[in-house]
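0 is the number of the first residue of the sequence shown in numbering that gives the first Met the number 0; add one for each residue after it.
Virtual Cβ for every residue (Gly too), placed ideally from N, Cα, C.
Small disclaimer: the values here were computed from a predicted structure and weren't measured.
In what follows, a single structure is set out as structure tokens and then discussed.
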Amino acid sequence: MSAIDKALIPEALFPTIDALCATAVKLSAVIARGPLGQSLGAGVGENSDGDQQKALDVMADEMFEAALRPAGVKHYASEEQETVLVLDEAGAYALAIDPLDGSSNIDVNVTIGTIFSVFEAEEEAEASFLRPASEQIAAGYIAYGPQTLMAVTFGTGTHLYVLDPETGAFELATGQMDLPVAAKEFSINASNRRHWTLPVRAYVEECEAGVEGAKGKNMNFRWVGSLVAETHRILTRGGTFLYPSDARKGYEKGRLRMVYEVAPMAFLVEQAGGKATDGKTPILELQAGALHERCPLVFGSAEEVDRIAELHG
Numbered sequence: 000m001s002a003i004d005k006a007l008i009p010e011a012l013f014p015t016i017d018a019l020c021a022t023a024v025k026l027s028a029v030i031a032r033g034p035l036g037q038s039l040g041a042g043v044g045e046n047s048d049g050d051q052q053k054a055l056d057v058m059a060d061e062m063f064e065a066a067l068r069p070a071g072v073k074h075y076a077s078e079e080q081e082t083v084l085v086l087d088e089a090g091a092y093a094l095a096i097d098p099l100d101g102s103s104n105i106d107v108n109v110t111i112g113t114i115f116s117v118f119e120a121e122e123e124a125e126a127s128f129l130r131p132a133s134e135q136i137a138a139g140y141i142a143y144g145p146q147t148l149m150a151v152t153f154g155t156g157t158h159l160y161v162l163d164p165e166t167g168a169f170e171l172a173t174g175q176m177d178l179p180v181a182a183k184e185f186s187i188n189a190s191n192r193r194h195w196t197l198p199v200r201a202y203v204e205e206c207e208a209g210v211e212g213a214k215g216k217n218m219n220f221r222w223v224g225s226l227v228a229e230t231h232r233i234l235t236r237g238g239t240f241l242y243p244s245d246a247r248k249g250y251e252k253g254r255l256r257m258v259y260e261v262a263p264m265a266f267l268v269e270q271a272g273g274k275a276t277d278g279k280t281p282i283l284e285l286q287a288g289a290l291h292e293r294c295p296l297v298f299g300s301a302e303e304v305d306r307i308a309e310l311h312g
């Protein structure tokens, strides 16, 4: 039995997407049990980039890797692993994945998720991923929250599938997600205000000025600390998300990874009618120079992203 409704999924990509969804169904059940199972939020070490790994990070990575081996994937690049794995020499695709984004939220029952990106595979492993973000052929996220759902694009719009707990499969819920052009909400980690660049500070101050300021409207501030949760809210009702570069050591290029987080979210958002930039350049015009390279990320409603780019000059 397939783990997802075949509607809108390209036939050649279906085994790969089906494997992702089948794993997500299992992972969703593990997450739903929370502390009734094992200690999912327990620290188990650091990944190759120095980030604290939770038990569920490692479990999710192992589950996706195993499921994708017979699913047409040649190269597998995970945020949790230092190098690219060759899963199937005959595979046609290269898949980059953040197996569990937002893992710091596991123990507090906040929405977490999986982010993925698919390219046509190249001969050389890293070359499959170190290329323009515009060459992605699919990207999406799976959110584990009150509903388990997947937003995905194959380059012809952004589609929403929801896991039906009665059938155990993802069903098409929305054929085309349309991100509102205007916004009334913005998302940024305000605790880092003292480190922000002047353009970022100027934009936030415009938002805070409300109806008396240049925007002529009140803006609400939101921050969840989970990229998947933030993205789903913005895709659903508009807004902007900023994870910029700042003055702290190690944050000169922000904190999010180009291959595993920035590029797939940019593709997904733009296919829903939004925009994504590093502040100056559209994300889809950029490419990573290394597997775990970081990149500033601003995305959301087109009018707001254009304004942020204008402030960056």
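Reference residue i, options the options, closest by Cα
i	options	result
Ala262	Gly101, Gln135 and Glu119	Gln135
Ser300	Glu229, Ser244, His311 and Gly249	Glu229
Arg68	Leu84, Gly249 and Lys274	Leu84
Ala328	Arg192, Ile3, Leu94 and Asp60	Absent from the model: residue 328. The displayed extent of the chain is 0 to 312, so no value can be given.
Val109	Tyr143, Glu211, Ala21 and Thr15	Tyr143
Leu162	Gln175, Pro145, Phe153 and Ile111	Pro145
Met218	Glu205, Ser225, Val227 and Ala89	Glu205
Tyr92	Phe115, Gly253, Phe298 and Leu226	Phe115
Ala6	Pro34, Gly174 and Ser244	Gly174
Ser133	Glu309, His291 and Leu267	Leu267
Environment of residue i [buried if 16+ CB atoms lie within 10 Å]
i	result
Phe220	exposed
Ser190	exposed
Lys73	buried
Glu10	exposed
Met0	exposed
Arg254	buried
Leu19	buried
Gly90	buried
Nearest-angstrom Cα separation, counted from residue j out to residue i
i	j	result
Phe118	Ser127	7 Å
Leu234	Leu296	16 Å
Ser77	His158	24 Å
His311	Ala275	14 Å
Leu178	Gly139	15 Å
Lys25	Gly249	35 Å
Leu99	Glu211	41 Å
Glu88	Glu64	15 Å
Gly209	Tyr202	12 Å
His194	Arg256	20 Å
Ile313	Arg306	Residue coverage of the chain in this structure runs from 0 to 312, which leaves residue 313 outside it and unanswerable.
Pro198	Lys183	19 Å
Leu171	Glu121	31 Å
Ala59	Gly112	10 Å
Cys294	Asp97	15 Å
Gly288	Arg236	34 Å
Ala21	Met264	22 Å
Thr15	Gly215	46 Å
Ala95	Leu226	16 Å
Thr280	Phe298	12 Å
Helix, strand or coil at residue i [DSSP, three-state]
i	result
Ser186	strand
Phe128	coil
Gln286	strand
Lys25	helix
Leu7	coil
His231	helix
Gly240	Correcting the residue identity first, residue 240 is Phe in this sequence and not Gly. In this structure, Phe240 counts as strand in the three-state DSSP scheme.
Asp17	helix
Ala150	strand
Leu255	coil
Pro34	helix
Handout entry: the region 101-117 contacting the region 52-63, beta-carbon criterion three pairs below 8 Å
Key = yes
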